[in-house]
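Undergrad:
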Amino acid sequence: MQFLNIFFFIFHTAFTLFNITGWMFRKTRKWNLITLFLTAFSWFVLGIWYGWGYCFCTDWHWDVREKLGYHDEQQSYIHFLIAKLTGLELKAKLVETGTVIVFAFSLVMSLWLNFRDRKRELNRKRDRRTPF
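Going by this note's numbering, the residue at position 116 of the sequence shown is 963; the numbering climbs one at a time, nothing skipped.
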């Protein structure tokens, strides 16, 4: 069980950091858009049944931690990370608002840069085919 706790901590944290930064690098932009859409699906589609902002990864991690005897008070993984990594106990609403803002910014940047990259790619292909 402790292995799963460590796995989820590393995987979920890496996934979150990739959601935030993956749009910055051309080679990871397509994957970043996919992970952002997966996150949005979990939050807004699965959230219809499980509650707004539902994350299946957090749910599984919480199950593991509960079986290990941990009783975390944080409602979200981001809130949990902030508390565990910094020792700060921020208000849940502040963390939730910050999470949504960072997510929205990352999604907008990923969409914009993916569309821009695709447009450039199509223009390059077109320019190569056009004889001058």
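We put the beta carbon where it would ideally sit given N, CA and C, even for glycine.
#1: Which residue wins for smallest C-alpha separation from Asn852, given the options Thr905, Trp959 and Glu920?
#2: Do you know how far the Cα of Val947 is from the Cα of Phe891?
#3: Indicate the three-state DSSP secondary structure (helix, strand or coil) for Cys902 in the structure shown.
#4: Note the first and the last residue of the continuous alpha helix (DSSP H) segment covering Lys877.
#5: Quick one: any contact between the segment 922-932 and the segment 869-885, if contact means 3 or more CB pairs under 8 Å?
#6: First and last residue of the alpha helix (DSSP H) that includes Asp919?
TA: Taking the structure as given:
#1: In the sequence shown, the residue the question calls residue 852 occupies position 5. The option with the nearest alpha carbon to Asn852 is Thr905.
#2: By one-based count along the sequence shown, residue 891 stands at place 44. By one-based count along the sequence shown, residue 947 stands at place 100. Taking the straight line from one Cα to the other gives about 12 Å.
#3: Position 55 of the sequence shown, counting from 1, holds the residue named residue 902. Looking at Cys902 - three-state DSSP - the assignment turns out to be coil, as it is neither helix nor strand.
#4: For the purposes of this step, residue 877 is identified with residue 30 of the sequence shown, where counting begins at 1. Segment Arg876 to Ala887, the alpha helix (DSSP H) holding Lys877.
#5: Contact between the segment 922-932 and the segment 869-885 is absent, with fewer than three C-beta pairs closer than 8 Å.
#6: Looking up residue 919 in the sequence shown gives position 72. That residue, Asp919, is in no alpha helix (DSSP H); it is neither H nor E in DSSP.
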